[in-house]
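What follows is one structure encoded as structure tokens, with my remarks underneath.
Residue numbers (the working numbering), protein chains in the order written: chain A, -9 to 107; chain B, -9 to 107.
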């Protein structure tokens, strides 16, 4: 057993689906489904909806974490998925999850960084 | 009011302070203190200690999030601090928090990325 770094994808995207940026409920259901489909293991989560719209969410996984912060007033979100390769090679899963989220929001990617860490 | 992106610092560091990598309790106290000192607003958190040592933690802030994942068996941690500039310019706070964590672990930086987003 040796340490294999994981892949962290950081994205900023635009979306005109303001209702999906405004409240965490739709995102939450979709992410739950993606986590189940990709057989990732959740160990905790925080969902926080702001009074004036927009939300912040982080899901902790045994494989690291997924996070989103939304600014509906700017039709904008920042999204992260970081999956370490401790027991499995998870780089493709990280890309699939990002793709699944971008599709869900019908998002237009403004910036994307992939960091091996 | 217009959207100003924030700064996300991603770091991998080594530390021989295995007890600080092994259990979340010391990190938690130190981070609480940093959050208080820097006047950041916590909205939720997840701390998860693994049975075989090591932990994963994410603290959600109104300003975005802070996360850490540790691998004591490799004397290694990945640390993130992402502070958006929605109401204040927070870039220096992000750098100060990272500096505070690295000092706490007497860590040796292996890789650091700073992403404006």
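Where is the CB? At the ideal position from N, CA and C, for every residue including glycine.
Under the three-state reduction of DSSP, which class applies to residue 26 of chain A: helix, strand or coil? Along the first chain, one-based indexing puts residue 26 of chain A at 36. Residue 26 of chain A falls in the helix class under three-state DSSP.
List the residues of chain A that residue 33 of chain B touches, going by C-beta distances under 8 Å, in chain order. Along the second chain, one-based indexing puts residue 33 of chain B at 43. 36, 38 and 46, listed in chain order.
Just the chain A side, please: which residues come within less than 7 Å of residue -2 of chain B by C-beta, in chain order? The residue you call residue -2 of chain B lines up with position 8 of the second chain. Those are 0, listed as they occur along chain A.
Given a threshold of 16 other Cβ atoms within 10 Å of its Cβ, counted over all protein chains shown, does residue 29 of chain B qualify as buried or as exposed? Position 39 of the second chain, counting from 1, holds the residue named residue 29 of chain B. So residue 29 of chain B ends up on the exposed side.
Alpha carbon to alpha carbon, how far is residue 22 of chain A from residue 71 of chain A? Stepping through the first chain from its first residue, residue 22 of chain A is reached at position 32. Stepping through the first chain from its first residue, residue 71 of chain A is reached at position 81. Each residue's Cα considered, the two are about 14 Å apart.
Kindly give me the distance between the Cβ atoms of residue 106 of chain A and residue -3 of chain A, rounded to whole angstroms, as I take these residues to be in contact under 8 Å. Here residue 106 of chain A is taken as the residue at index 116 of the first chain, counted from 1. Here residue -3 of chain A is taken as the residue at index 7 of the first chain, counted from 1. 6 Å between Cβ atoms; contact.
Could you check what DSSP says for residue -2 of chain A in three-state terms: helix, strand or coil? Numbered from its first residue, the first chain carries residue -2 of chain A at position 8. Strand at residue -2 of chain A.
Let's see if you can read the secondary structure: which residues bound the alpha helix (DSSP H) around residue 90 of chain B? On the second chain, position 100 is the one that residue 90 of chain B refers to. Residue 90 of chain B -> alpha helix (DSSP H) spans 81 to 94.
CA-CA distance, residue 66 of chain A and residue 43 of chain A? Along the first chain, one-based indexing puts residue 66 of chain A at 76. Along the first chain, one-based indexing puts residue 43 of chain A at 53. For residue 66 of chain A and residue 43 of chain A, the distance between alpha carbons rounds to 12 Å.
So with CB distances below 9 Å, who are the chain B contacts of residue 15 of chain A? As a first step, residue 15 of chain A must be located in the first chain, where it is residue number 25. In chain order: nothing, as chain B lies at least about 16 Å away.
Give me the chain A residues within the contact set of residue 103 of chain B, using Cβ-Cβ distance strictly less than 7 Å, ordered along the chain. Working through the second chain from its first residue, we reach residue 103 of chain B at position 113. Going along chain A in sequence order, the residues near residue 103 of chain B (Cβ under 7 Å) are 105.
By alpha-carbon positions, which one of B/20, B/40, B/53 and B/11 ends up nearest to residue 34 of chain B? Within the second chain, numbered from 1, the residue matching residue 34 of chain B stands at position 44. Selected option, being the one with the closest Cα: B/53.
Return the residue from the list A/74, A/39 and A/15 that minimises the CA-CA distance to residue 55 of chain A. Locating residue 55 of chain A in the first chain gives position 65, where the first residue counts as 1. It is A/74.
Identify the continuous alpha helix (DSSP H) that holds residue 12 of chain B and give its terminal residues. Here residue 12 of chain B refers to the residue found at position 22 when the second chain is read from its first residue. Looking at the DSSP string, the run of the alpha helix (DSSP H) that includes residue 12 of chain B is 8 to 12.
Give me the subset of the segment 57 to 89 of chain A whose CB atoms are less than 9 Å from a CB atom of chain B, sorted by chain position. Answer in chain order: 57, 59, 61, 63, 64, 66, 68, 70, 72, 74 and 76.
Going by C-alpha to C-alpha distance, which of B/100, B/38, B/36 and B/86 sits closest to residue 26 of chain B? Position 36 of the second chain, counting from 1, holds the residue named residue 26 of chain B. Residue 26 of chain B has its Cα closest to that of B/86, out of B/100, B/38, B/36 and B/86.
Just reading off the beta strand (DSSP E) that residue 103 of chain A is part of, what are its end residues? The residue you call residue 103 of chain A lines up with position 113 of the first chain. Residue 103 of chain A -> beta strand (DSSP E) spans 98 to 106.
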